[in-house]
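Report on the structure given below.
Residue numbers (the numbering used here), protein chains in the order written: chain A, 1 to 116; chain B, 1001 to 1111.
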């Protein structure tokens, strides 16, 4: 069964509104969570890495004020797309890893965001 | 040079063929390695971890070559259902997970 739950799986919102996406690890403590976006037929693009209790590390070109990431507990991270625009429409995926150095990544099932 | 590199493909192979992908990594301190499979419009799913001694799971064999800094994935007797994008992931653990993805290799198995 799924070990990482991502919600919602699909969301449609209007321009200017904010959307929050949740990522939960279900049966392990996720010391690190990652957020990605993916355009059709393209590879995953890492947006940010967050370690529990500390500020997220954003990849170059990703606006931290636009994509707010919170990782307040070992089982929950959230990504908020603020003041969404149509160009933010994409597939957003979270993943989580445990604390050991041989921990594989477990992915959420993704959120398809459409901004109208 | 990218930290983790893969040939994007696509690799077009007939059913029953054997196909192999490589993934090179630049950081010699990398410690753990994984292959993921991603189907179109779906999230990646763990296919297998890659162990130093090499490991096999059915038709899939993964190998690690630390000296040359690459991992490989071999698929024997390809099935139509193997068509997907295969991503390698490298973990350079340093007081926390630092996981880096390759860009993925697209495989298309034809009847």
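Quick reminder that beta carbons are idealized off the backbone N, C-alpha and C, glycines included.
On a predicted model such as this, the values are computed, not experimentally measured, just so you know.
Query	Result
Buried or exposed for residue 72 of chain A, going by 16 or more other Cβ atoms inside 10 Å?	exposed
Measure from the alpha carbon of residue 1023 of chain B to the alpha carbon of each residue in B:1008, B:1111 and B:1045, then state which is nearest.	B:1008
Rounded to the nearest angstrom, what separates residue 6 of chain A and residue 1050 of chain B at their Cα positions?	26 Å
What does the Cβ neighbour count give for residue 1077 of chain B, buried or exposed, with the cut at 16 atoms within 10 Å?	exposed
With a threshold of 8 Å between beta-carbons, can residue 44 of chain A be considered close to chain B, or not?	yes
Counting only Cβ pairs nearer than 7 Å, list the residues of chain B close to residue 12 of chain A.	By Cβ distance, chain B contributes nothing, its closest Cβ being about 16 Å from residue 12 of chain A, past 7 Å.
Closer than 9 Å, Cβ to any Cβ of chain A: which residues of the segment 1030-1043 of chain B, in chain order?	1031, 1032, 1034, 1036, 1038, 1040, 1041, 1042 and 1043
Excluding five sequence neighbours on each side, which residues of the same chain lie with their C-beta closer than 8 Å to the C-beta of residue 1104 of chain B?	1006, 1008, 1038, 1085, 1086 and 1087
In chain B, which residues lie less than 9 Å from residue 108 of chain A when you measure between Cβ atoms?	1043
At the level of alpha carbons, what is the spacing between residue 59 of chain A and residue 49 of chain A?	8 Å
Give me the subset of the segment 19-32 of chain A whose CB atoms are less than 8 Å from a CB atom of chain B, sorted by chain position.	31 and 32
Could you confirm whether any beta carbon from chain A is found closer than 8 Å to the beta carbon of residue 1064 of chain B?	no
Around the C-beta of residue 85 of chain A, are 16 or more other C-beta atoms found within 10 angstroms, so that it is buried, or is it exposed?	exposed
Please list the segments of the beta strand (DSSP E) lying wholly inside the segment 39-114 of chain A, counting only runs of 3 or more residues, in order along the chain.	45-51, 67-73, 76-81 and 90-97
Could you spell out where the beta strand (DSSP E) holding residue 1003 of chain B opens and where it closes?	Neither: residue 1003 of chain B is in no beta strand (DSSP E) and is coded neither H nor E.
Verify whether the separation of the beta carbon atoms of residue 105 of chain A and residue 1090 of chain B is less than 8 Å.	no
State the start and end residues of the unbroken beta strand (DSSP E) segment that holds residue 1074 of chain B.	1070-1075
Find the nearest neighbour of residue 1035 of chain B within the set B:1111, B:1079, B:1057 and B:1014, judged by alpha-carbon distance.	B:1057
Excluding the 5 residues flanking residue 1045 of chain B on each side, which residues of the same chain have their C-beta closer than 7 Å to its C-beta?	1036 and 1037
In the DSSP assignment, what residue or residues form a beta bridge with residue 1063 of chain B?	B:1072
Taking the CB atoms as reference points, tell me whether residue 1075 of chain B and residue 1019 of chain B lie closer together than 8 Å.	yes
Compare the C-beta of residue 93 of chain A with all C-beta atoms of chain B and state if any pair is closer than 8 Å.	yes
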